[in-house]
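Residue numbers (the UniProt record's numbering), protein chains in the order written: chain A, 1 to 157; chain B, 1 to 159. Beneath this line is the structure, given in structure tokens, with notes to follow.
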């Protein structure tokens with residue numbers, strides 16, 4: 001993973017925009033005592049380098065599927081990248097990470113009811129070519145999580 | 001906050017525009033949806049006030065110096081899993097902690113600056129939390145998709 005070169009101004013901008021992305025460049029510029037062009041240029045660079053992304057975070061009620069499950073997958077090691085991409089293309093699969101461990105793909109998905117989840121985990125995911133085994137864990141409570149810090153992959157939602 | 005909030009079609013369309021560009025002006029959003037700007041600003045404010053919407057910049061793990069991501073499946077014994085998870089959540093390296101059903105009870109996501117931090121974190125710190133029976137790690141090699149913008153809006157803030 002690359003190590004970005006960020007100065008204090010970049011970090012200040014990120015902090016402000018993490019609270020509210022709809023504040024104007026002019027307001028940010030006057031708050032930080034820099035000119036508007038600098039703010040515009042910095043934001044553009046941070047976006048281009050995929051260090052920040054602007055998005056709308058919504059409560060789970062926006063989607064019909066309001067529960068979270070983790071699906072751990074054992075997949076053919078020779079084709080893990082393609083298999084992970086195919087799993088990522090399944091609707092309601094929200095995050096996919098390739099891992100080194102007892103399972104080589106970890107997927108996070110949203111579901112509405114258990115029937116839905118069964119169709120997703122034992123149906124769609126297990127049907128992906130190269131998937132050998134899945135184990136599903138239902139999230140019953142989130143103790144800690146931040147959706148402000150993410151991996152920006154260019155393939156969001 | 002306790003009254004039931006319902007997203008209607010106009011709300012959803014506005015959210016869709018904001019997901020594509022959270023910095024779009026009310027005027028730009030209004031034009032693309034054939035609305036007037038004041039409707040857009042009222043709708044956004046209504047969703048924000050109901051705690052159902054935040055338009056924000058999300059930042060990459062790299063911005064915070066997190067270069068290593070590790071998933072740890074924790075099995076618990078002799079102590080309520082929630083207590084164990086709350087103790088684990090106190091560690092700054094624990095980015096996410098979820099209670100789950102299945103072959104393990106706690107799903108942890110660790111974010112580290114360097115893999116060198118792992119040995120002492122595991123053996124000297126996390127392992128000292130009472131009630132942990134086993135920890136099975138999976139080292140993150142690549143994140144293929146990360147689209148977790150729907151979810152609890154105000155869970156414990158990390159950054």
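For glycine and all other residues, C-beta sits at the position ideal for the given N, C-alpha and C.
Own chain partners of residue i with C-beta closer than 8 Å, once the 5 adjacent residues on each side are dropped
i: residue 99 of chain A; result: 105 and 106
i: residue 36 of chain B; result: 30
i: residue 6 of chain B; result: none
i: residue 1 of chain B; result: Low per-residue confidence applies at residue 1 of chain B: pLDDT is 46, beneath 50, and the placement is therefore not dependable enough to give any value.
i: residue 175 of chain A; result: The shown model of chain A, from 1 to 157, leaves out residue 175 of chain A, and the question about it has no answer.
i: residue 15 of chain B; result: 7, 47 and 53
i: residue 142 of chain B; result: none
i: residue 23 of chain A; result: 16 and 17
i: residue 156 of chain B; result: A caution first: residue 156 of chain B carries a pLDDT of 34, below 50, which makes its placement in the model too unreliable to give a value.
i: residue 154 of chain B; result: Its pLDDT being 44, under 50, residue 154 of chain B is placed unreliably in this model, and the value from its coordinates should be taken loosely. Once the five neighbours on either side are set aside, the close Cβ partners of residue 154 of chain B are 51.
i: residue 158 of chain A; result: There is no way to answer for residue 158 of chain A, as the model of chain A reaches only from 1 to 157.
Own chain, CB closer than 7 Å to residue i, minus 5 neighbours either side, in chain order
i: residue 25 of chain A; result: 36, 39 and 40
i: residue 68 of chain A; result: 108, 110 and 139
i: residue 75 of chain B; result: 104, 105, 133 and 134
i: residue 10 of chain A; result: 42 and 46
i: residue 78 of chain B; result: 131
i: residue 129 of chain B; result: 84, 87 and 88
i: residue 11 of chain B; result: 43 and 47
i: residue 65 of chain B; result: 113
i: residue 12 of chain A; result: 32
i: residue 40 of chain B; result: 14, 26, 29 and 30
Contact belief for residue i with residue j at Cβ below 8 Å, rounded distance in angstroms
i: residue 144 of chain B; j: residue 88 of chain A; result: 5 Å
i: residue 144 of chain A; j: residue 81 of chain B; result: About 14 Å; that fails the 8 Å criterion.
i: residue 148 of chain A; j: residue 63 of chain B; result: No, residue 148 of chain A and residue 63 of chain B are not in contact; Cβ-Cβ is about 10 Å, not under 8 Å.
i: residue 151 of chain A; j: residue 61 of chain B; result: 6 Å
i: residue 44 of chain B; j: residue 53 of chain B; result: 7 Å
i: residue 59 of chain B; j: residue 28 of chain A; result: Their Cβ separation, rounded to whole angstroms, is 16 Å, which puts residue 59 of chain B and residue 28 of chain A out of contact at 8 Å.
i: residue 21 of chain A; j: residue 54 of chain A; result: 5 Å
i: residue 101 of chain A; j: residue 136 of chain B; result: 7 Å
i: residue 56 of chain A; j: residue 22 of chain B; result: 6 Å
i: residue 95 of chain B; j: residue 125 of chain B; result: In fact, because the Cβ distance is near 15 Å, the residues do not count as touching under 8 Å.
Residue i Cβ short of 7 Å to the ligand SAH heavy atom set
i: residue 42 of chain B; result: Ligands in the displayed structure: none, and consequently the ligand SAH is not present.
Contact set for residue i: own chain, Cβ-Cβ below 6 Å, skip 5 residues either direction
i: residue 76 of chain A; result: 130
i: residue 50 of chain A; result: 152
i: residue 107 of chain B; result: 98 and 100
i: residue 137 of chain A; result: 70
i: residue 97 of chain A; result: 106
i: residue 48 of chain A; result: none
i: residue 121 of chain A; result: 71, 134 and 136
i: residue 18 of chain B; result: 55
Inter-stretch contact at 8 Å, needing at least 3 Cβ pairs: the region 70-90 of chain B / the region 104-116 of chain B | yes
- Query: Listed in chain order, which residues of the region 89-103 of chain A have Cβ atoms closer than 9 Å to some Cβ of chain B?
  - Reply: 89, 93, 94, 95, 96, 97, 98, 99, 100, 101, 102 and 103
> What are the uninterrupted segments assigned as alpha helix (DSSP H) that are 4 or more residues long and contained completely in the UniProt domain "HTH asnC-type" (6-80) of chain A, given in chain order?
Replying inline: 8-19, 25-32 and 36-48
Tell me which residues of the region 120-143 of chain B have at least one Cβ-Cβ distance to chain A shorter than 9 Å, keeping chain order. 136, 137, 138, 139, 140, 141, 142 and 143
**Prompt:** Given a limit of 8 Å on CB to CB distance, which residues of the region 130-142 of chain A reach chain B?
**Reply:** 135, 136, 137, 138, 139, 140, 141 and 142
Next on the checklist: To test your reading of the DSSP string, which unbroken alpha helix (DSSP H) runs of 4 or more residues are found completely within the region 53-119 of chain B?
Outcome noted: 81-89
Notebook entry, point to check: Between the region 122-141 of chain A and the region 79-93 of chain A, do at least 3 Cβ pairs fall closer than 8 Å?
Noted result: yes
Item to complete: For the region 16-34 of chain A, enumerate the residues whose C-beta is nearer than 8 Å to any C-beta of chain B, in chain order.
Response: 17, 18, 19, 20, 21 and 22
Which runs of the beta strand (DSSP E) spanning at least 3 residues fall entirely within the region 87-129 of chain A, listed in chain order?
-> 93-100 and 105-111
Exercise for the section: Taking only beta carbons into account, state which residues of the region 31-42 of chain B come closer than 7 Å to chain A, listed in chain order. Expected result: none
Where the region 34-50 of chain A meets chain E: residues whose CB sits under 7 Å from a CB there: Here chain E cannot be found, since the structure's protein chains are A and B.
Taking a Cβ distance cut-off of 9 Å, strictly less, list which residues of the region 105-128 of chain A are near chain B, in chain order. 105, 106, 107, 108 and 110
Listed in chain order, which residues of the region 72-84 of chain A have Cβ atoms closer than 7 Å to some Cβ of chain B? 84
Mind listing which residues of the region 12-26 of chain B have their C-beta closer than 8 Å to chain A's C-betas, in chain order? 12, 15, 18, 19, 21, 22 and 23
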